[in-house]
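If you're matching positions, the sequence shown starts at 387 in this note's numbering and goes up one per residue. Beta carbons are placed, not taken as given, at the ideal position from N, Cα and C, and that holds for glycine. Computed from a prediction, not measured in an experiment: that's the story for all the values here. Presented below is the structure to which this report refers.
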Amino acid sequence: MSRKVAVFTGTRAEYGLLYWLIKGIQESQHLELQLIVSGMHLSPEFGETWKQIEQDGFGIDAKVEMLLSSDTSVGVVKSMGLGTLGFADALDRLKPDVLVVLGDRFEALAIVQAALVMRIPVAHLHGGEITEGAYDDAIRHAISKMSYLHFVSAQAYRRRVIQMGESPDRVFDVGAIGLDHVLRTARMDSAQLSESLSFSIKQPFFLVTYHPVTMQGEDPVETFNALLEALDEFPLHQVIFTYPNADNGGRAIIPLLEDYAQRQPERVLAIPSLGFKRYLSAVPLACAVVGNSSSGIIEVPAFGIPTVNIGIRQKGRLAADSVIDCDSTKVDIERALCLALSEPFALACKSTTNPYGQGNASETIIGVLEQFEGATHKSFHDLG
Numbered sequence: 387m388s389r390k391v392a393v394f395t396g397t398r399a400e401y402g403l404l405y406w407l408i409k410g411i412q413e414s415q416h417l418e419l420q421l422i423v424s425g426m427h428l429s430p431e432f433g434e435t436w437k438q439i440e441q442d443g444f445g446i447d448a449k450v451e452m453l454l455s456s457d458t459s460v461g462v463v464k465s466m467g468l469g470t471l472g473f474a475d476a477l478d479r480l481k482p483d484v485l486v487v488l489g490d491r492f493e494a495l496a497i498v499q500a501a502l503v504m505r506i507p508v509a510h511l512h513g514g515e516i517t518e519g520a521y522d523d524a525i526r527h528a529i530s531k532m533s534y535l536h537f538v539s540a541q542a543y544r545r546r547v548i549q550m551g552e553s554p555d556r557v558f559d560v561g562a563i564g565l566d567h568v569l570r571t572a573r574m575d576s577a578q579l580s581e582s583l584s585f586s587i588k589q590p591f592f593l594v595t596y597h598p599v600t601m602q603g604e605d606p607v608e609t610f611n612a613l614l615e616a617l618d619e620f621p622l623h624q625v626i627f628t629y630p631n632a633d634n635g636g637r638a639i640i641p642l643l644e645d646y647a648q649r650q651p652e653r654v655l656a657i658p659s660l661g662f663k664r665y666l667s668a669v670p671l672a673c674a675v676v677g678n679s680s681s682g683i684i685e686v687p688a689f690g691i692p693t694v695n696i697g698i699r700q701k702g703r704l705a706a707d708s709v710i711d712c713d714s715t716k717v718d719i720e721r722a723l724c725l726a727l728s729e730p731f732a733l734a735c736k737s738t739t740n741p742y743g744q745g746n747a748s749e750t751i752i753g754v755l756e757q758f759e760g761a762t763h764k765s766f767h768d769l770g
């Protein structure tokens, strides 16, 4: 008898990371895939990326609307409430044997708390990590404590999840799941990417994603303006922007990047979502990946491309030598971009060691899920 595995996705980036796991579950003879889609996927403002999921050959078993047209803290909390209501109905109808969630988003917290009360075991990916610049940090740890199975991206994170009281026999170091793409996903060349984007890539370019910082200490609009001013100092480089996520403060950034692109249509492209194939094609072609996305820390080093990591959002994560941390000022961002473009640094990035594994996480996770017989009760594991 096959086990029903519900996989939750609420953002384009998260779906890109989960793609090969979703496909593996779909192809497993012992597992039945259920796909629950919510959050930014269903929003026209963020590109209605649920359509890409269906184009990739996956059936969507539940669509749960939750995002309000607001990015204030009150709006985000209300969105979580709407999500919890919808997830309760979806989980009750689908009755999965296990729910798979990734990371630290507020959308994931909403469905996991519903699963906890409904006694549906949760398998959590990327627990144990630290991002001190966002409230996602606390959300990630809360999800870990509500989860039964843990698939972490490094030994340091496995130790941290165990330190939180989770039994070692339920915590698996599988590496970063997004690295599966490095081995398995076909990429476009520059001409194919240009055609797909309807944007002529004819100069070296920066790939930029900046998300709002949700903890005190960094004003997202002020930082984003500093980033734009720094990019102005590199007029011979094109810029491809992807939109920020739906955290509070994100919608204030979108008009700034759209205006910047409209004023320089030959040099700058602003796009709500590249989709994972175009993103993974753009990364190895870029001079540097710039911003504060976790992808710049976790996946980009595997391509040997420099990352300019701005501000405090990702503070605390393990990082390869190819990651340049900088403050959120124009001067510091410009200095970091100059370093990323320098020939010695760019050359050194080609041989950097990525601390997040080799790109075979999905296969290991599926093996565990196929053997999982279902359980929710767990005892606190005290360190000896």
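{"Query": "Using the Cα positions of I408 and V393, report the straight-line distance between them to the nearest angstrom.", "Result": "7 Å"}
{"Query": "For A688, which of V669, N678, R699 has the nearest alpha-carbon?", "Result": "V669"}
{"Query": "At what residue ranges does the segment 509 to 559 contain a whole run of the alpha helix (DSSP H), taking only runs of 4 or more?", "Result": "522 to 532, 541 to 549"}
{"Query": "Hey, how far is the Cα of A722 from the Cα of I698?", "Result": "15 Å"}
{"Query": "Counting only the same chain and skipping the five closest in sequence on each side, list residues whose C-beta sits under 8 Å from that of L655.", "Result": "L583, F585, Q624, V625, I626, F627, A647"}
{"Query": "Under 7 Å from any heavy atom of the ligand PLP, does the C-beta of P621 make it?", "Result": "The model on display carries no ligand, and the ligand PLP is accordingly not part of it."}
{"Query": "Check L480 in the structure and name its three-state DSSP category.", "Result": "helix"}
{"Query": "Express the C-alpha separation of G677 and S771 in angstroms, rounding to a whole number.", "Result": "In the structure displayed, the chain extends from 387 to 770; residue 771 sits before or after that span and is not available."}
{"Query": "Counting C-beta neighbours from all protein chains within 10 Å, is the total for R505 16 or more, i.e. buried, or is it exposed?", "Result": "exposed"}
{"Query": "If we count Cβ pairs, one from each stretch, closer than 8 Å, do we get three or more for the segment 444 to 452 versus the segment 468 to 479?", "Result": "yes"}
{"Query": "Less than 8 Å between the C-beta atoms of L642 and N611, yes or no?", "Result": "yes"}
{"Query": "Let me check understanding here. Comparing Cα to Cα, which of N746, T595, T750 lies closest to A674?", "Result": "T595"}
{"Query": "Within its chain, find whatever has a CB closer than 7 Å to the CB of S576; leave out the 5 residues flanking it on each side and keep chain order.", "Result": "I587, L671"}
{"Query": "Is the distance from the Cβ of P507 to the Cβ of Q420 below 8 Å?", "Result": "no"}
{"Query": "What is the residue span of the alpha helix (DSSP H) that K716 lies within?", "Result": "716 to 727"}
{"Query": "CB-CB under 6 Å to D442, same chain, minus the five flanking residues each way: which ones, in chain order?", "Result": "none"}
{"Query": "Would you please state the rounded distance, in angstroms, between the beta carbons of G519 and E400? I believe it to be under 8 Å.", "Result": "No, G519 and E400 are not in contact; Cβ-Cβ is about 19 Å, not under 8 Å."}
{"Query": "Which same chain residues end up closer than 6 Å to G410 when comparing Cβ atoms and leaving out the 5 residues on each side of it in sequence?", "Result": "S748, I752"}
{"Query": "What distance in whole Å lies between the Cβ atoms of Y742 and S539, which are believed to be in contact at a cut-off of 8 Å?", "Result": "5 Å"}
{"Query": "Relative to the alpha-carbon of K716, which residue among G760, E619, N740, A761 has its alpha-carbon at the smallest distance?", "Result": "E619"}
{"Query": "Considering Cα atoms alone, identify which of L704, E685, I529 is closest to G402.", "Result": "E685"}
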